[in-house]
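Here's the structure we're looking at; comments come further down.
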Amino acid sequence: MSRILITSAIPYINGIKHLGNLVGSQLPADLFARYNRARGHEVMFICATDEHGTPAELAAAKAGKPVAEFCAEMHAVQAQIADGFRLSFDHFGRSSSPQNHKLTQHFAGRLKAAGLIEEVSEKQVYSNADGRFLPDRYIEGICPNCGYDKARGDQCENCTKQLDPTDLIEPRSAISGSTDLEVRETKHLYLRQSALKDELDKWIDTKTDWPVLTTSIAKKWLHDGDGLQDRGITRDLDWGVPVKDGENDWPGMEGKVFYVWFDAPIEYIAATKEWADKTGGDWERWWRTDKGADDVRYIQFMGKDNVPFHTLSFPATIKGSGEPWKLVDYIKSFNYLNYDGGQFSTSQGRGIFQDQALEILPADYWRWWLLSHAPESNDSEFTWENFQAGVNKDLADVLGNFVSRITKFCRSKFGEAVPEAGDYGSAELALIAELETRIQAYVAQMEAMEVRKAATELRAIWVAGNEYLQSAAPWSTFKEDEAKAAAQVRLGLNLVRLYAVLSAPFIPDASAKMLSAMNTLDTDWPDDVSAALSALSGGHEFAVPDVLFAKISDEDRESWQDRFAGTRD
RNA sequence: GGGCCUGUAGCUCAAUUGGUUAGAGCAGAGCGCUCAUAACGCUUUGGUUGCGGGUUCAAGUCCUGCCGGGCCUACCA
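Numbering that gives the first Met the number 0 puts the first residue of the first sequence at 0, with every later residue one more than the last.
Right, here's the structure in full:
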């Protein structure tokens, strides 16, 4: 048994996330957490909401609520949705927690003491009407290059030219439209990532087993142009972690907060402390290598947009602190899931949102399809036809129907108890041998976090049950040799339990239903397949379950296609 | 503009990292079965691996040039 720390990239608080967010981090992380628990490892699975920053303030203002209240409500909504998808976090924290405030300030203090913080005076655009400094992309105006009138302060979307806000003609606030803007001097803290460049570079070089997607993004940032740049870690906002030097005030930084990308990853640690404060557990044995975390394996899951922060900024924070914090061992990153030929988009309301998905179908349908199509090597594509076909075939026909046919056949010939006559013969031994090979392959893919390949192996394991039933044909055997048919059915019923155990990381609800129907609490991993297929012995009572997976009809598919064709609201 | 990823059967994806005749699932066709959610099983039709050059005994894989798709580009998070 080993200890495994798993974190999923923390979703931003601003609104309900779409399915792309789910498949890019939380869902595969949950798959891996459930798998490792099933293998008997001690797992700490952490996620949280990322609550600070300008968009949260604006969304709260739009909703007419104080930002703290807005975030608390949205956190509850996201927690409920996560629960709906059966995400098995040990703790779902909040980056606005007091624990994170304290820890973020602590790290800042350590980095300052190590000489890794620089104070920089810079000029930024201030909007008098909005009463705030504006991030570059919240300033709009006419592009000096192409004349497009909705160019943003960081880039013109029309001609893709990189811009400075001061380049814009007739600049205005994207928030209020006000043109009452001025350039003000303001002081900010920069994390001197450049001073840690060589150390980070060497560290990344040792990670030869990481996905190319992860290391190539890190390398790009390390080597592009002048190399890794220092990064501003503070903002002129009200909502966030107040800038402090550990416990002490930071002269000259009054009224400023840390930038979300400084405090958000620290929340992984703080959320574990939130968990500890709630449960009385020990968080330091997961995070402090001087307090037991040296034998922890730490794995992060995230979409590709988050890679620079996790490969560079956060490690810079950890390393720069000079304290023995646990560093990530493996970063599993994902590409994007597209929706019918374009991107899912939270801001544009395009695609299927998590709450809507749960309204129309149970979690397992989404979990199975999304995981078996996880965008690992490339961006992948959601289409309703694909979704319908995949779910109907894999879940309803292959797995669901298998459970249905064996339990119903047994009920009609032997009643609702495992028949005890007969012994397993050569056909059964052959199946056991095949399953041993396939389960080994499944385990190998799960250990390697090859999500799609693991799904393929699992499906092949389900198919093996149908193949066996077809060739054993207990409905024929029964007419000549009742004892032989009994043994065949007994094996089939044991397969249901085996499938429940193996499939639980992907489809936990169906797995629970299968176990419940088989009237067993035995969820031991089938290290010994032969023994596992004798777990339910003669006389053990069971119940024929309801249909595990109803099929998606063409009418359903078409109506959902229509409903989700446009944008939300 | 720069960097990275990518293009394989109608669709979604593989291919042990340069090694026999490029494989699966779905969809299509045929046969079988009747326990089952008209479900299952078996067989089978589909590919000049985007296009052109090159290296090599050997290229889907490496190099190069085109063409297409995607992401990132540091103040969205």
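Cβ coordinates follow ideal geometry from the N, Cα and C atoms, glycine included.
### Query
Is DSSP giving Val182 helix, strand or coil here?
Along the first sequence, read from residue 1 onward, the residue named residue 182 stands at position 183. The answer is strand: DSSP assigns Val182 an E or B state.
### Query
Quick one: what's got a C-beta closer than 7 Å to Ser94's C-beta in the same chain, skipping five residues either side?
In the first sequence, the residue the question calls residue 94 occupies position 95. Cβ neighbours of Ser94 beyond the five flanking positions: Ile9, Ala47, Thr48, Asp49, Glu50, His51, Asp262, Ala263, Glu266.
### Query
Would you call the segment 62 to 80 and the segment 110 to 117 in contact, with 3 or more CB pairs under 8 Å?
no
### Task
Rank Lys111, Pro164, Asn144 by C-alpha distance to the C-alpha of Arg136 and give the top, closest one.
Residue numbering aside, residue 136 sits at position 137 when the first sequence is read from its first letter. Ranking Lys111, Pro164, Asn144 by Cα distance to Arg136 puts Pro164 first.
### Query
From what residue to what residue does the alpha helix (DSSP H) around Val327 run?
Working through the first sequence from its first residue, we reach residue 327 at position 328. Segment: none, Val327 is in no alpha helix (DSSP H) and carries neither H nor E.
### Message
Within 8 Å, do at least three Cβ pairs link the segment 397 to 410 to the segment 453 to 468?
### Response
yes
### Query
Asp568 to Ala107, Cα distance in whole Å?
For the purposes of this step, residue 568 is taken as residue 569 along the first sequence, with counting starting at 1. For the purposes of this step, residue 107 is taken as residue 108 along the first sequence, with counting starting at 1. Annotation note: pLDDT 47 at Asp568 (below 50); position unreliable, no value reported.
### Task
Could you tell me the distance, in whole angstroms, from the CA atom of Glu273 to the CA atom of Ala78?
The residue you call residue 273 lines up with position 274 of the first sequence. The residue you call residue 78 lines up with position 79 of the first sequence. Spanning the two alpha carbons is a distance of roughly 15 Å.
### Task
Starting from the Cα of Trp209, find the closest Cα among Pro143, Val327, Pro27 and give me that residue.
Within the first sequence, the letter at position 210 stands for residue 209. The shortest Cα separation from Trp209 among Pro143, Val327, Pro27 belongs to Val327.
#### Entry: Per DSSP, cross-strand counterpart(s) of Cys155
Looking up residue 155 in the first sequence gives position 156. Paired residue(s): none; Cys155 is not in a bridge.
### Query
Leaving out five residues before and five after Gly424 in sequence, what residues of the same chain have Cβ atoms less than 8 Å from its Cβ?
Position 425 of the first sequence, counted from the start, is the residue given in the question as residue 424. Cβ within range, chain order: Lys483, Ala486.
### Message
Taking the beta carbon of Phe408 as the centre, do at least 16 other beta carbons fall within 10 Å, making it buried, or is it exposed?
### Response
Within the first sequence, the letter at position 409 stands for residue 408. The residue is buried, with at least 16 neighbouring Cβ atoms inside 10 Å.
#### Entry: For Asp248, the residue or residues it bridges with in DSSP
Taking the first residue of the first sequence as 1, we reach residue 248 at position 249. DSSP lists Lys243 as partners of Asp248.
### Task
Tell me, to the nearest whole angstrom, how far the beta carbon of Phe257 is from that of Thr103; I am working on the premise that it is less than 8 Å.
Here residue 257 refers to the residue found at position 258 of the first sequence. Here residue 103 refers to the residue found at position 104 of the first sequence. Contact holds; Cβ gap of about 6 Å.
### Task
For Cys145, count neighbouring Cβ atoms within 10 angstroms of its own Cβ and tell me buried if that reaches 16, exposed if not.
Stepping through the first sequence from its first residue, residue 145 is reached at position 146. By the neighbour-count rule (16 or more Cβ atoms within 10 Å), Cys145 is not buried but exposed.
### Query
Taking just the CA atoms, how far does Arg109 sit from Asn247?
As a position in the first sequence, residue 247 is number 248, starting the count at 1. As a position in the first sequence, residue 109 is number 110, starting the count at 1. Taking the straight line joining both Cα atoms gives about 12 Å.
### Message
Which of the three DSSP states is assigned to Ala509 in this structure?
### Response
For the purposes of this step, residue 509 is identified with residue 510 of the first sequence, where counting begins at 1. Ala509 falls in the helix class under three-state DSSP.
### Task
Under the assumption that Phe381 contacts Leu336 (Cβ atoms under 8 Å), give the Cβ distance between them as a whole number of angstroms.
By one-based count along the first sequence, residue 381 stands at place 382. By one-based count along the first sequence, residue 336 stands at place 337. Right, their Cβ atoms sit about 6 Å apart.
### Query
Taking the beta strand (DSSP E) that Tyr11 falls in, what are its first and last residues?
On the first sequence, residue 11 is found 12 positions in, with the first residue counted as 1. It is not in any beta strand (DSSP E) - Tyr11 carries neither H nor E in the DSSP assignment.
### Query
At what residue ranges does the segment 47 to 133 contain a whole run of the beta strand (DSSP E), taking only runs of 3 or more?
90 to 93, 116 to 126
### Burial state of Ile174, where buried means 16 or more other Cβ atoms lie within 10 Å
Position 175 of the first sequence, counted from the first residue, corresponds to residue 174. Counting Cβ neighbours within 10 Å, Ile174 comes out buried, since at least 16 surround it.
### Query
Taking the Cβ atom as the reference point for each residue, do Phe333 and Gly291 lie within a distance shorter than 8 Å?
Here residue 333 is taken as the residue at index 334 of the first sequence, counted from 1. Here residue 291 is taken as the residue at index 292 of the first sequence, counted from 1. No, the Cβ-Cβ distance between Phe333 and Gly291 is not below 8 Å.
### Message
In whole angstroms, give me the CA-to-CA distance for Phe313 and Tyr11.
### Response
The sequence position of residue 313 within the first sequence is 314, counting from 1. The sequence position of residue 11 within the first sequence is 12, counting from 1. Going by the C-alpha atoms only, they are around 17 Å apart.
### Beta-carbon separation (whole angstroms), Ser502 vs Ile431, contact threshold 8 Å
Taking the first sequence and counting its residues from 1, the one referred to as residue 502 is at position 503. Taking the first sequence and counting its residues from 1, the one referred to as residue 431 is at position 432. In fact, because the Cβ distance is near 18 Å, the residues do not count as touching under 8 Å.
### Message
Among Thr406, Ser403, His372, Trp368, whose alpha-carbon lies nearest the alpha-carbon of Asn391?
### Response
One-based indexing of the first sequence puts residue 391 at position 392. Here the closest residue by C-alpha is Trp368.
### Query
How big is the Cα-Cα spacing for Lys277 and Gly92?
Along the first sequence, read from residue 1 onward, the residue named residue 277 stands at position 278. Along the first sequence, read from residue 1 onward, the residue named residue 92 stands at position 93. Their Cα atoms are separated by approximately 11 Å.
### Message
In whole angstroms, give me the CA-to-CA distance for Val543 and Lys512.
### Response
Along the first sequence, one-based indexing puts residue 543 at 544. Along the first sequence, one-based indexing puts residue 512 at 513. In a straight line, the C-alpha of Val543 is about 10 Å away from that of Lys512.
### Task
Could you check if Val546 is buried or exposed, using at least 16 other CB atoms within 10 Å of its CB as the buried criterion?
In the first sequence, counting from the first residue as 1, residue 546 sits at position 547. That one is exposed.
### Query
Among residues of its own chain, excluding the 5 on either side of Leu535, which ones have a beta-carbon nearer than 7 Å to its beta-carbon?
Position 536 of the first sequence holds residue 535. The residues are Val417, Leu492, Asn493, Arg496, Met517, Thr519.
### Task
Using a threshold of 8 Å, state whether the C-beta atoms of Trp285 and Leu4 are closer than that.
Numbered from its first residue, the first sequence carries residue 285 at position 286. Numbered from its first residue, the first sequence carries residue 4 at position 5. Closer than 8 Å, so yes.
### Query
Should Ala150 be listed as close to the ligand ADP, given that the test is whether its C-beta is under 7 Å from any heavy atom?
The model depicted lacks the ligand ADP and carries no ligand whatsoever.
### Task
Would you identify the three-state DSSP class for Gln228, choosing helix, strand or coil?
On the first sequence, position 229 is the one that residue 228 refers to. Note: Gln228 maps to coil in three-state DSSP.
### Task
Sort Met43, Ser24, Ile232, Arg183 by Cα distance to Gly280 and report the nearest one.
In the first sequence, residue 280 corresponds to position 281, counting from 1. Taking only the C-alpha atoms, the option nearest Gly280 is Met43.
### Message
Buried or exposed, going by whether 16 or more other CB atoms sit within 10 Å of the CB of Lys16?
### Response
Start at 1 with the first residue of the first sequence, and residue 16 comes out as number 17. Buried, because 16 or more other Cβ atoms sit within 10 Å of the Cβ of Lys16.
### Message
If I follow the unbroken alpha helix (DSSP H) through Ile203, where does it start and stop?
### Response
Position 204 of the first sequence holds residue 203. Residues 196 to 204.
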